[in-house]
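These protein sequence lines map, in sequence, to chains A and B.
Last residue of the first sequence: number 176 in this note's numbering, and the count goes up by one each step with no gaps.
Last residue of the second sequence: number 674 in this note's numbering, and the count goes up by one each step with no gaps.
Here is the structure we will look at, set down as structure tokens.
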Amino acid sequence: MSQPNPSPDPQTHAVVGMRAMELIVAGLLLAFGLTVAYASYQLGADWAEDGPKAGYFPFYIGLIIAVSSVVTLAQAWLNRTPKSGEAFVERGQLKLVMAVLLPAAAYVLVIQWFGIYAASAIYMAVFMVWLGKYAWWKAALLGIAVSVAVFLMFEVWFKVPLHKGTLYNPLALFGF
Amino acid sequence: MEEINALFQGFAVAMTPLNLMLMFVGVTLGVVIGVLPGLGGANGIAILLPLTFTMPPTSAIIMLSCIYWGALFGGAITSVLFNIPGEPWSVATTFDGYPMAQQGRAGEALTAAFTSSFIGAFVAVVMITFLAPLVAKFALKFGPPEFFSVYFLTFCSFIGMGKGSPWKTLTAMMLGFALAAVGMDTVTGQLRLTFGFSELMRGFDFLVAVIGLFGIGEILLSMEEGLSFSGSSARINFKVVLETWKKLPKYWVTSLRSCLVGCWMGITPGGATPASFMSYGIAKRFSPDGAKFGTGQMEGVVAPETAAHAAGTSALLPMLSLGIPGSPTAAVLLGGLLIWGLQPGPLLFVEKKEFVWGLIASMYLGNLAGLIIVLTCVPLFAAILRIPFSIVAPLIIVICAIGAYTVHNAMLDIWFMLFFGVVGYVFKKLDYPMAPMVLALVLGDRAEDSFRQAMLISQGNLSVFFSNALVGSIMTLGLVMLFWPLVAALKAKLRAAR
């Protein structure tokens with residue numbers, strides 16, 4: 001991304017074009033379809049005494065995915081898809097999307113380690129300080145409030161236990 | 177008249193204090209869900225589903241369906257006031273609703289939108305009341321081949337009636353079927369497509385997919401547009417309501433036509449979104465003021481709202497009577513029924529009369545409750561949109577994560593949700609339709625079962641699908657739908673050659 005940028009506004013420069021993305025996605029789907037078909041074939045995609053074997057249905061599903069992806073692939077290659085000249089995502093847009101997606105991924109990882117309650121409070125607070133430029137105490141207050149509300153609603157009121165964390169469960173301090 | 181009697185018994189079931197309270201709670205939650213970006217009818221209900229497991233099934237389905245009505249109403253608020261469609265089916269409402277708001281007629285536009293939503297839903301519920309028992313009675317005679325043919329028709333309709341590339345529709349749909357096949361095979365008990373991961377034995381739950389595709393995907397999309405909410409404020413007072421109601425009867429033709437379009441698109445799985453666009457387009461063509469559409473015509477609000485609500489409601493007809501949902505949201509409700517041990521389909525009308533008619537009666541009451549709530553509380557709901565995005569976005573992701581976890585108490589599902597979110601974002605931008613994918617994920621196992629049962633009966637002879645007039649004509653209709661894009665393309669080519 002460090003190359004000199006021909007576009008006057010670097011924020012609207014296309015990171016990936018529509019056509020490239022069409023090709024990538026159709027290619028991935030083609031691979032997926034073939035994998036499904038192959039795995040089902042190994043399971044047995046023909047007929048037994050008592051009807052179709054377990055792999056029969058998914059085998060053809062996989063084949064159809066593969067065939068229709070090939071058609072989409074060909075259409076994209078020949079620029080037959082609509083909007084093929086446009087940008088799939090511009091640099092400014094990608095930054096915004098990543099600003100949500102990457103913290104979300106980190107959030108899920110923290111859930112896995114420390115449970116939903118601690119992770120949610122931290123995530124809310126960090127997001128607010130980082131993107132919303134809120135004062136840290138406001139953010140912390142709201143993050144904790146959300147976690148407490150969720151806790152009361154799920155664990156106490158509806159008796160639905162949520163994930164407590166595999167590394168350390170901070171709620172163990174309070175006996176949960 | 178049997179239906180009228182049953183309906184009154186249904187009202188008796190629905191009108192307990194608890195159920196009435198849940199109705200209002202549901203509608204209010206639904207409007208909030210409809211107003212917030214990233215939360216919609218389908219994933220909103222999916223997230224709240226686990227909370228209703230402890231309730232009696234009738235109360236639970238009443239609350240969940242009321243969330244759906246609320247979400248249908250809520251979409252209009254953001255469309256009119258902020259020019260941001262809260263739900264895909266309210267995109268067409270922005271065309272004339274927002275200009276009306278800019279001219280200071282927001283109250284009028286909202287009243288028109290809510291009232292026509294109510295009328296659309298009402299007509300659809302009346303239709304369900306009388307048509308659903310008939311369809312169910314008829315479907316009692318169905319065997320596996322007939323059921324497979326109806327599934328076949330449902331999925332072929334997506335290809336025949338879809339707007340984008342039929343190949344992409346086919347891919348998305350088959351992707352849903354493939355994901356549905358993951359896990360234990362219901363007939364032989366063999367593991368399929370798990371690639372040795374024991375966590376995959378459970379398979380992919382469509383609720384997790386719905387939360388990811390529609391929730392996280394939507395957040396990513398709205399983030400990309402760089403959200404800035406700036407809208408007109410609205411207060412609806414009683415005078416505006418009465419004045420608007422006086423003007424509305426003028427548009428009865430548009431209303432009626434939109435109801436028909438909506439009901440048709442709802443029963444066949446066209447869905448609320450295409451119904452609203454289609455209805456807007458037809459109204460524009462036939463109205464004497466058609467040329468002025470887009471500048472703030474009330475008729476341009478009436479048409480899409482009536483159709484969207486009629487379609488959204490009538491999507492429940494095939495769900496209840498055949499066990500085949502007409503929209504992703506109906507699919508989620510069907511998932512709920514299955515979890516409570518109720519098998520949707522023709523037998524439900526015989527075995528669980530109370531439940532079915534309680535639900536149908538609650539549709540009347542729920543929509544009335546919805547109309548009252550939205551007319552009186554618009555400023556409150558509009559205020560939700562003034563909460564900064566840097567608070568709303570993480571909050572919605574937290575809610576989605578909790579919702580995904582509670583489906584099976586599985587940590588892995590939260591990762592799947594995130595993955596489906598990215599898939600939803602990419603698919604939306606590349607025009608891969610998500611509705612057929614979700615429906616295939618829900619119905620995959622059942623469609624496969626009916627296919628295999630039919631094959632067992634006929635000992636592998638495919639002609640069983642043309643063995644009698646009924647199954648033969650449904651299959652033929654399905655095939656016509658399947659090859660419709662090809663026919664349409666040929667026709668266009670012939671015309672061009674001439």
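Ideal placement from N, C-alpha and C gives every residue a C-beta, glycine not left out.
Note that the coordinates shown come from a computational prediction; the quantities given were computed from them, not determined experimentally.
Can you name, in chain order, every residue of its own chain whose Cβ lies under 8 Å from the Cβ of Arg281 of chain B, other than the five neighbours on each side?
-> As a first step, residue 281 of chain B must be located in the second sequence, where it is residue number 105. Taken in chain order, the residues that qualify are Gly472.
Mind checking if Ala37 of chain A is an interface residue toward chain B, Cβ cutoff 7 Å exclusive?
-> Along the first sequence, one-based indexing puts residue 37 of chain A at 37. No Cβ of chain B is located within less than 7 Å of the beta carbon of Ala37 of chain A.
Looking only at C-alpha atoms, which of A:Met124, A:Lys133, A:Phe114 sits nearest to Pro103 of chain A?
-> Here the question's residue 103 of chain A lines up with position 103 in the first sequence. Per the Cα distances, A:Met124.
Roughly how many angstroms lie between the CA atoms of Leu737 of chain B and Trp440 of chain B, to the nearest whole one?
-> Residue 737 of chain B falls outside the range modelled here, since chain B spans only 177 to 674, and no answer is possible.
Residue nearest to Glu394 of chain B in terms of C-alpha spacing, selected from B:Pro612, B:Ala664, B:Phe596, B:Ala190 = Position 218 of the second sequence, counting from 1, holds the residue named residue 394 of chain B. A check of alpha carbon separations from Glu394 of chain B across B:Pro612, B:Ala664, B:Phe596, B:Ala190 identifies B:Phe596 as the nearest.
Whole-angstrom Cβ separation of Thr234 of chain B and Gly648 of chain B, contact assumed at under 8 Å?
-> What you label residue 234 of chain B is simply residue 58 of the second sequence in a count that begins at 1. What you label residue 648 of chain B is simply residue 472 of the second sequence in a count that begins at 1. By a beta-carbon distance limit of 8 Å, Thr234 of chain B does not contact Gly648 of chain B. Their separation comes to about 38 Å.
Shortest alpha-carbon distance to Pro522 of chain B belongs to which of B:Pro309, B:Arg433, B:Ser538, B:Met360?
-> For the purposes of this step, residue 522 of chain B is identified with residue 346 of the second sequence, where counting begins at 1. For Pro522 of chain B, the nearest C-alpha among the options comes from B:Pro309.
Tell me whether the beta-carbon of Ala54 of chain A lies closer than 7 Å to the beta-carbon of Asp361 of chain B.
-> Translated into the one-based positions of the first sequence, residue 54 of chain A becomes position 54. Translated into the one-based positions of the second sequence, residue 361 of chain B becomes position 185. Closer than 7 Å, so yes.
Which whole runs of the alpha helix (DSSP H) in the region 36-115 of chain A are 4 residues long or more, in chain order?
-> You should have 56-77, 91-114.
Look up Gly676 of chain B in the DSSP assignment and give the residues it is bridged to.
-> In this structure chain B extends from 177 to 674, so residue 676 of chain B is not present and cannot be described.
Proximity of Ala285 of chain B and Ala277 of chain B at Cβ, strictly below 7 Å | Walking along the second sequence from the start, residue 285 of chain B turns up at place 109. Walking along the second sequence from the start, residue 277 of chain B turns up at place 101. Contact flag set, yes.
Grab me the residues of Met303 of chain B's own chain with a C-beta within less than 8 Å of its C-beta, minus the 5 sequence neighbours each way, in chain order.
-> In the second sequence, residue 303 of chain B corresponds to position 127, counting from 1. Hits under 8 Å: Cys439, Ser490, Leu493.
What are the residues of the region 554-585 of chain B that lie near chain A, defined by any Cβ-Cβ distance shorter than 7 Å?
-> Taking 7 Å as the Cβ-Cβ cut-off, the region 554-585 of chain B approaches chain A at Pro564, Ser566, Ile567, Ala569, Pro570, Leu571, Ile573, Val574, Ala577, Ile578, Tyr581, Thr582, given in chain order.
Leaving aside the five residues before and after Ser68 of chain A along the sequence, list all residues of the same chain whose C-beta is less than 6 Å from its C-beta, in chain order.
-> In the first sequence, residue 68 of chain A corresponds to position 68, counting from 1. Excluding the 5 residues flanking it on each side, Ser68 of chain A has no same chain C-beta neighbour closer than 6 Å.
Give the single residue among B:Met231, B:Phe306, B:Asp465, B:Ala483 whose Cα lies nearest to the Cα of Leu194 of chain B.
-> Taking the first residue of the second sequence as 1, we reach residue 194 of chain B at position 18. Checking every option, the nearest Cα to that of Leu194 of chain B belongs to B:Met231.
Val358 of chain B by DSSP, collapsed to three states: which one?
-> Here the question's residue 358 of chain B lines up with position 182 in the second sequence. Val358 of chain B: coil per DSSP, three-state reduction.
If we cut at 7 Å on Cβ distances, does Glu400 of chain B have a partner in chain A?
-> Locating residue 400 of chain B in the second sequence gives position 224, where the first residue counts as 1. Using a CB distance cut-off of 7 Å, Glu400 of chain B counts as an interface residue toward chain A.
Kindly indicate if chain B contains any beta-carbon less than 7 Å away from that of Leu167 of chain A.
-> Taking the first residue of the first sequence as position 1, residue 167 of chain A is located at position 167. Using a Cβ-Cβ cut-off of 7 Å, Leu167 of chain A does not count as an interface residue toward chain B, since no Cβ of chain B sits closer than that to its own.
Can you give, in chain order, each stretch of the beta strand (DSSP E) that sits fully within the region 601-654 of chain B and has at least 3 residues?
-> You should have found no qualifying run.
With a 10 Å radius around its C-beta and 16 neighbouring C-beta atoms as the bar for buried, classify Arg80 of chain A as buried or exposed.
-> Locating residue 80 of chain A in the first sequence gives position 80, where the first residue counts as 1. Counting every other CB atom within 10 Å of its CB across the protein chains shown gives Arg80 of chain A a total below 16, marking it as exposed.
Give the secondary structure of Gly17 of chain A by DSSP, where H, G and I count as helix, E and B as strand, and everything else as coil.
-> Taking the first sequence and counting its residues from 1, one reaches residue 17 of chain A at position 17. Here DSSP, grouped into helix, strand and coil, assigns Gly17 of chain A to strand.
Round the Cβ separation of Gly620 of chain B and Gly352 of chain B to the nearest angstrom and send it over; I've been treating them as touching at under 8 Å.
-> Residue 620 of chain B sits at position 444 when you count from the first residue of the second sequence. Residue 352 of chain B sits at position 176 when you count from the first residue of the second sequence. Right, their Cβ atoms sit about 6 Å apart.
Could you have a look at Ser2 of chain A and say whether DSSP puts it in helix, strand or coil?
-> Position 2 of the first sequence, counting from 1, holds the residue named residue 2 of chain A. Legend: pLDDT at Ser2 of chain A = 41, less than 50; position of this residue unreliable, value from coordinates given subsequently. DSSP places Ser2 of chain A outside both helix and strand once states are collapsed to three, so it counts as coil.
Pick helix, strand or coil for Val526 of chain B, following the three-state DSSP scheme.
-> On the second sequence, position 350 is the one that residue 526 of chain B refers to. Looking at Val526 of chain B - three-state DSSP - the assignment turns out to be helix.
Would a check of beta-carbon distances place Thr347 of chain B closer than 7 Å to chain A?
-> Here residue 347 of chain B is taken as the residue at index 171 of the second sequence, counted from 1. The C-beta of Thr347 of chain B comes closer than 7 Å to at least one C-beta of chain A.
Between which two residues does the alpha helix (DSSP H) harbouring Gln519 of chain B extend?
-> Here residue 519 of chain B refers to the residue found at position 343 of the second sequence. Counting along the chain, Gln519 of chain B falls outside any alpha helix (DSSP H), and DSSP gives it neither H nor E.
Is Lys473 of chain B helix, strand or coil by DSSP?
-> Here residue 473 of chain B refers to the residue found at position 297 of the second sequence. Reading off the sequence, residue 473 of chain B comes out as Gln, not Lys. Gln473 of chain B sits in coil when the DSSP states are folded into three classes, being neither helix nor strand.
Could you run through the region 425-453 of chain B and flag, in chain order, every residue whose CB is less than 8 Å away from some CB of chain A?
-> For the region 425-453 of chain B, there are no residues whose beta carbon sits under 8 Å from a beta carbon of chain A.
Alpha carbon of Ser431 of chain B to alpha carbon of Phe294 of chain B, nearest angstrom | Numbered from 1 along the second sequence, position 255 holds the residue referred to as residue 431 of chain B. Numbered from 1 along the second sequence, position 118 holds the residue referred to as residue 294 of chain B. Inter-residue distance for Ser431 of chain B and Phe294 of chain B is about 11 Å (C-alpha atoms, whole angstroms).
On the three-state DSSP scale, how would you describe Ser7 of chain A?
-> Within the first sequence, numbered from 1, the residue matching residue 7 of chain A stands at position 7. Bear in mind that a pLDDT of 47 at Ser7 of chain A, under 50, signals an unreliable position, so the model cannot answer this.
Verify the CB distance criterion: does Glu624 of chain B have a CB-CB separation below 7 Å to chain A?
-> Sequence index remark: in the second sequence, residue 624 of chain B carries index 448 (1-based). Yes, Glu624 of chain B lies at the interface with chain A (some Cβ there is under 7 Å from its Cβ).
Of the choices B:Lys605, B:Phe659, B:Phe531, whose alpha-carbon is the least far from that of Phe331 of chain B?
-> Locating residue 331 of chain B in the second sequence gives position 155, where the first residue counts as 1. Proximity to Phe331 of chain B across B:Lys605, B:Phe659, B:Phe531 peaks at B:Phe659, based on C-alpha coordinates.
Got a sec: is the Cβ-Cβ distance from Ile24 of chain A to anything in chain B below 7 Å?
-> Here residue 24 of chain A is taken as the residue at index 24 of the first sequence, counted from 1. Chain B contact via Cβ: absent.
Straight-line gap, Glu400 of chain B to Leu29 of chain A (C-alpha atoms, nearest Å) | Within the second sequence, residue 400 of chain B is the residue found at index 224, counting from 1. Within the first sequence, residue 29 of chain A is the residue found at index 29, counting from 1. For Glu400 of chain B and Leu29 of chain A, the distance between alpha carbons rounds to 25 Å.
Interface residues of the region 321-352 of chain B facing chain A [CB-CB below 8 Å] = Cβ contacts with chain A: Ser341, Trp343, Lys344, Leu346, Thr347, Met350, Leu351.
Name the residue from B:Leu653, B:Asp625, B:His584 whose alpha carbon lies nearest to the alpha carbon of Ala385 of chain B.
-> The sequence position of residue 385 of chain B within the second sequence is 209, counting from 1. Residue B:His584 is the option with its Cα nearest to Ala385 of chain B.
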